[in-house]
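Protein chains in written order, with numbering that gives the first Met the number 0: chain A, 0 to 155; chain B, 0 to 204.
Every residue gets a Cβ at the ideal spot worked out from N, C-alpha and C, and that includes glycine.
To start, the structure under review is shown below, and the notes come after it.
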Amino acid sequence: MATTASFIIVSRNDIPIYEAEVGSATKREDAAQLHQFVLHAALDIVQDLAWTTSAMFLKNIDRFNDLVVSVYVTADKSVRCITLKAFSIRYFLDIFKHTRLMLLHDSRNDDGIKSFFQEVHELYIKVLLNPLYLPGARIASSHFDTKVRALARKYL
Amino acid sequence: MIGASKIKQYSNVLEKPLSKGKQEVSLSAFAFLFSELVQYNQTQVDNIAELERRLEDAGYAVGARCLELLCHREKCVMFMPFWLSQGNRRETRLLGILSFVHSTVWKVLFGKVADSLEKGTEHEDEYMISEKELLVNRFISIPKDMGTFNCGAFVAGIVRGVLDSAGFPAVVTAHFVPMEGQQRPRTTILIKFAEEVLRREARLG
Numbered sequence: 000m001a002t003t004a005s006f007i008i009v010s011r012n013d014i015p016i017y018e019a020e021v022g023s024a025t026k027r028e029d030a031a032q033l034h035q036f037v038l039h040a041a042l043d044i045v046q047d048l049a050w051t052t053s054a055m056f057l058k059n060i061d062r063f064n065d066l067v068v069s070v071y072v073t074a075d076k077s078v079r080c081i082t083l084k085a086f087s088i089r090y091f092l093d094i095f096k097h098t099r100l101m102l103l104h105d106s107r108n109d110d111g112i113k114s115f116f117q118e119v120h121e122l123y124i125k126v127l128l129n130p131l132y133l134p135g136a137r138i139a140s141s142h143f144d145t146k147v148r149a150l151a152r153k154y155l
Numbered sequence: 000m001i002g003a004s005k006i007k008q009y010s011n012v013l014e015k016p017l018s019k020g021k022q023e024v025s026l027s028a029f030a031f032l033f034s035e036l037v038q039y040n041q042t043q044v045d046n047i048a049e050l051e052r053r054l055e056d057a058g059y060a061v062g063a064r065c066l067e068l069l070c071h072r073e074k075c076v077m078f079m080p081f082w083l084s085q086g087n088r089r090e091t092r093l094l095g096i097l098s099f100v101h102s103t104v105w106k107v108l109f110g111k112v113a114d115s116l117e118k119g120t121e122h123e124d125e126y127m128i129s130e131k132e133l134l135v136n137r138f139i140s141i142p143k144d145m146g147t148f149n150c151g152a153f154v155a156g157i158v159r160g161v162l163d164s165a166g167f168p169a170v171v172t173a174h175f176v177p178m179e180g181q182q183r184p185r186t187t188i189l190i191k192f193a194e195e196v197l198r199r200e201a202r203l204g
């Protein structure tokens with residue numbers, strides 16, 4: 000099944016520290032920019048939602064056409080999002096942001112996505128435990144990249 | 000390597016399992032390492048405030064990592080029912096994160112929960128964690144000419160790292176509080192939360 004999926008880890012300064020296109024569909028040229036745009040647009044929504052619940056996995060928080068954004072917020076407030084588009088203007092009620100994992104996808108595979116997020120979260124913790132790694136810096140490790148893509152193939 | 004090794008060799012740290020880790024670490028090794036840390040910083044700075052700040056920064060890095068790791072380990076406890084371990088829990092409320100620091104973090108770092116957690120009476124945004132004797136201070140004596148310097152600044156840094164990473168920015172300091180009838184003063188970690196934390200708490204109700 001061909002799926003489009005774009006995965007980003009966003010640090011607390013809203014700077015992406017890791018991004019990858021993990022879908023299996025063929026990529027259009029403008030797909031990457033579109034996905035990034037959608038993911039960033041969804042950040043506001045995540046911001047509001049993150050403080051209302053103590054869960055880590057926030058399901059489908061945003062939609063765009065047929066794409067959906069799912070988000071996983073880590074304890075140190077890192078956000079991971081799966082992208083879906085949404086346009087909205089929100090006022091910042093809190094300046095403080097977590098690190099987020101975001102995924103943009105077009106399938107409905109909630110359980111698979113949740114497991115994917117949990118596994119990548121573990122990888123992220125291992126990267127974070129490195130005393131020489133500055134929290135909020137880009138993750139440039141090729142091992143990390145390989146493992147994330149393998150996980151994406153497995154769960155998405 | 001000489002000899003048969005039964006330990007599985009991992010080619011990359013990312014493949015190592017995030018296990019419970021060692022429950023015990025040698026106290027003397029830690030005391031030695033900590034004393035070297037303090038001595039090294041002493042040679043680099045001119046005054047006490049700078050030394051405290053450096054120890055705090057060292058603790059901050061520990062605290063940030065501690066939070067993530069402990070949240071993850073808490074979720075992965077073996078004897079928890081399957082459904083409970085599915086949803087990770089993170090702290091969004093002030094009292095939640097304070098009791099997390101007071102019990103879980105202290106237990107993992109020092110082997111026991113902190114002695115007490117109190118709310119300050121004068122200001123709304125102040126909380127205090129007290130300890131009869133901080134582990135890091137056990138083998139340290141402060142010379143008279145260093146005044147109010149407290150090596151507990153390292154622990155204050157750890158607490159600040161945990162709170163800051165969890166979304167509760169605060170100013171955390173360590174103080175000696177003399178107690179009647181005891182030779183060594185009690186140590187108190189004073190936590191003063193930033194304005195926005197209280198606003199958010201009020202808004203969340």
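Tell me where the beta strand (DSSP E) around T172 of chain B begins and ends.
Position 173 of the second sequence, counted from the start, is the residue given in the question as residue 172 of chain B. From DSSP, the beta strand (DSSP E) with T172 of chain B extends over 169 to 176.
Are any of the Cβ atoms in chain A nearer than 8 Å to that of A165 of chain B?
Locating residue 165 of chain B in the second sequence gives position 166, where the first residue counts as 1. Chain A, which has a Cβ nearer than 8 Å to the Cβ of A165 of chain B, makes this yes.
Could you check where the beta strand (DSSP E) with T186 of chain B kicks off and where it finishes?
Along the second sequence, one-based indexing puts residue 186 of chain B at 187. Run containing T186 of chain B: 185 to 192, per the beta strand (DSSP E) assignment.
In three-state terms, what does DSSP make of H39 of chain A?
Residue numbering aside, residue 39 of chain A sits at position 40 when the first sequence is read from its first letter. In this structure, H39 of chain A counts as helix in the three-state DSSP scheme.
Between the Cα of V158 of chain B and those of B:A173, B:M145, B:T147, spot the shortest distance and give me the residue it belongs to.
Start at 1 with the first residue of the second sequence, and residue 158 of chain B comes out as number 159. V158 of chain B has its Cα closest to that of B:A173, out of B:A173, B:M145, B:T147.
Could you compute how far the alpha carbon of S129 of chain B sits from the alpha carbon of V67 of chain A?
Position 130 of the second sequence, counted from the start, is the residue given in the question as residue 129 of chain B. Position 68 of the first sequence, counted from the start, is the residue given in the question as residue 67 of chain A. About 48 Å.
Can you pull the DSSP bridge partners for A30 of chain B?
Stepping through the second sequence from its first residue, residue 30 of chain B is reached at position 31. Residue pairing by DSSP places A30 of chain B opposite no residue, since no beta bridge is assigned to it.
For L133 of chain A, does the three-state DSSP call read helix, strand or coil?
Stepping through the first sequence from its first residue, residue 133 of chain A is reached at position 134. Note: L133 of chain A maps to coil in three-state DSSP.
Taking 8 Å as the CB-CB limit, is R137 of chain B close to chain A?
By one-based count along the second sequence, residue 137 of chain B stands at place 138. False, the Cβ-Cβ gap to chain A never drops below 8 Å.
Looking at the C-beta of H71 of chain B, does it have a partner C-beta in chain A at a distance below 8 Å?
Counting from one through the second sequence, the residue named residue 71 of chain B turns up at place 72. When Cβ-Cβ separations below 8 Å define contact, H71 of chain B makes contact with chain A.
Identify which residue in A:D105, A:Y71, A:L133 has its Cα closest to the Cα of R89 of chain B.
Locating residue 89 of chain B in the second sequence gives position 90, counting from the first residue. The closest CA to that of R89 of chain B, considering only A:D105, A:Y71, A:L133, is found on A:Y71.
Going by Cα to Cα distance, which pick from B:A30, B:F29, B:L50 is closest to Y39 of chain B?
For the purposes of this step, residue 39 of chain B is identified with residue 40 of the second sequence, where counting begins at 1. Closest option to Y39 of chain B, Cα to Cα, is B:L50.
When we look at the beta-carbon of G119 of chain B and count the other beta-carbons within 10 Å, is it buried (16 or more) or exposed?
Residue numbering aside, residue 119 of chain B sits at position 120 when the second sequence is read from its first letter. Its Cβ having fewer than 16 others within 10 Å, G119 of chain B is exposed.
Indicate whether L17 of chain B and S164 of chain B have their beta-carbon atoms separated by less than 8 Å.
Translated into positions along the second sequence, residue 17 of chain B becomes position 18. Translated into positions along the second sequence, residue 164 of chain B becomes position 165. Cβ distance not < 8 Å, so L17 of chain B and S164 of chain B don't count as in contact.
Runs of 4 residues minimum, wholly inside the segment 129 to 167 of chain B: which ones carry the alpha helix (DSSP H) assignment?
For the alpha helix (DSSP H) assignment, the uninterrupted runs of no fewer than 4 residues enclosed by the segment 129 to 167 of chain B are, from N- to C-terminal side, 152 to 165.
If we cut at 8 Å on Cβ distances, does V170 of chain B have a partner in chain A?
Counting from one through the second sequence, the residue named residue 170 of chain B turns up at place 171. Not one chain A Cβ lies under 8 Å of V170 of chain B.
Along chain A, in chain order, which residues have C-beta atoms closer than 9 Å to that of E35 of chain B?
Start at 1 with the first residue of the second sequence, and residue 35 of chain B comes out as number 36. Here the premise fails: no neighbours, minimum Cβ distance about 16 Å.
When you compare the CB positions of E125 of chain B and I190 of chain B, do they come within less than 8 Å of one another, or not?
Start at 1 with the first residue of the second sequence, and residue 125 of chain B comes out as number 126. Start at 1 with the first residue of the second sequence, and residue 190 of chain B comes out as number 191. Yes. Within cutoff.
How far does the alpha helix (DSSP H) with V119 of chain A in it reach, from first residue to last?
As a first step, residue 119 of chain A must be located in the first sequence, where it is residue number 120. Residue range 109 to 128 is occupied by the alpha helix (DSSP H) that includes V119 of chain A.
Closer than 9 Å by beta-carbon distance: list the chain B residues that pair up with F6 of chain A, in chain order.
Within the first sequence, the letter at position 7 stands for residue 6 of chain A. Result: empty, since nearest Cβ-Cβ is about 16 Å, beyond 9 Å.
State the CB to CB distance for the pair L155 of chain A and N108 of chain A, rounded to an integer number of angstroms; the pair is presumed to be in contact (CB under 8 Å).
Stepping through the first sequence from its first residue, residue 155 of chain A is reached at position 156. Stepping through the first sequence from its first residue, residue 108 of chain A is reached at position 109. Yes, L155 of chain A and N108 of chain A are in contact; Cβ-Cβ is about 7 Å, under 8 Å.
Tell me whether N136 of chain B is buried or exposed, calling it buried when 16 or more other Cβ atoms sit within 10 Å of its Cβ.
The sequence position of residue 136 of chain B within the second sequence is 137, counting from 1. It is buried - the Cβ of N136 of chain B has at least 16 other Cβ atoms within 10 Å.
Pick from B:V196, B:E23, B:F99: whose alpha carbon is nearest that of E123 of chain B?
Residue numbering aside, residue 123 of chain B sits at position 124 when the second sequence is read from its first letter. Nearest option by C-alpha distance: B:V196.
Measure the alpha-carbon distance for I44 of chain A versus D61 of chain A and round it to whole angstroms.
Indexing the first sequence from 1 puts residue 44 of chain A at position 45. Indexing the first sequence from 1 puts residue 61 of chain A at position 62. One C-alpha to the other measures close to 8 Å.
Quick check: is the beta carbon of L42 of chain A nearer than 8 Å to any beta carbon in chain B?
On the first sequence, residue 42 of chain A is found 43 positions in, with the first residue counted as 1. False, the Cβ-Cβ gap to chain B never drops below 8 Å.
Output yes or no for whether 8 Å exceeds the beta carbon distance between Q46 of chain A and K96 of chain A.
As a first step, residue 46 of chain A must be located in the first sequence, where it is residue number 47. As a first step, residue 96 of chain A must be located in the first sequence, where it is residue number 97. Against a cut-off of 8 Å, the Cβ pair of K96 of chain A and Q46 of chain A comes out as a contact.
Comparing C-alpha positions only, which one of A:L131, A:I124, A:A49, A:A30 sits nearest to K15 of chain B?
Against the second sequence, residue 15 of chain B aligns to sequence position 16. Per the Cα distances, A:I124.
Would you list, in chain order, the members of the segment 170 to 195 of chain B that have their beta-carbon closer than 7 Å to a beta-carbon of chain A?
E195
Is D13 of chain A helix, strand or coil by DSSP?
Position 14 of the first sequence, counted from the first residue, corresponds to residue 13 of chain A. Three-state result, D13 of chain A: coil.
Using a cut-off of 8 Å between C-beta atoms, extract the partners of E121 of chain A located in chain B.
Counting from 1 along the first sequence, the entry for residue 121 of chain A is found at position 122. Ordered by position in chain B, the residues that pass the 8 Å Cβ test against E121 of chain A are L17, H71.
Indicate whether G151 of chain B and T186 of chain B have their beta-carbon atoms separated by less than 8 Å.
Looking up residue 151 of chain B in the second sequence gives position 152. Looking up residue 186 of chain B in the second sequence gives position 187. Yes, these two residues count as a Cβ contact at 8 Å.
Compute the Euclidean distance between the alpha carbons of L110 of chain B and E179 of chain B, then round it to the nearest angstrom.
Here residue 110 of chain B is taken as the residue at index 111 of the second sequence, counted from 1. Here residue 179 of chain B is taken as the residue at index 180 of the second sequence, counted from 1. Note on identity: in this sequence residue 110 of chain B is Gly, with Leu being the wrong assignment. About 27 Å.
Can you find a C-beta in chain B that's less than 8 Å from the C-beta of I124 of chain A?
Working through the first sequence from its first residue, we reach residue 124 of chain A at position 125. Taking Cβ atoms only, chain B reaches closer than 8 Å to I124 of chain A, which makes this a yes.
In this structure, how does DSSP classify R92 of chain B when only helix, strand and coil are distinguished?
Numbered from its first residue, the second sequence carries residue 92 of chain B at position 93. The answer is coil: DSSP assigns R92 of chain B none of H, G, I, E or B.
Please tell me whether F143 of chain A has its Cβ less than 8 Å away from any Cβ of chain B.
As a first step, residue 143 of chain A must be located in the first sequence, where it is residue number 144. Closer than 8 Å: yes.
Determine the DSSP secondary structure at E35 of chain B, reduced to helix, strand or coil.
Within the second sequence, the letter at position 36 stands for residue 35 of chain B. Helix at E35 of chain B.
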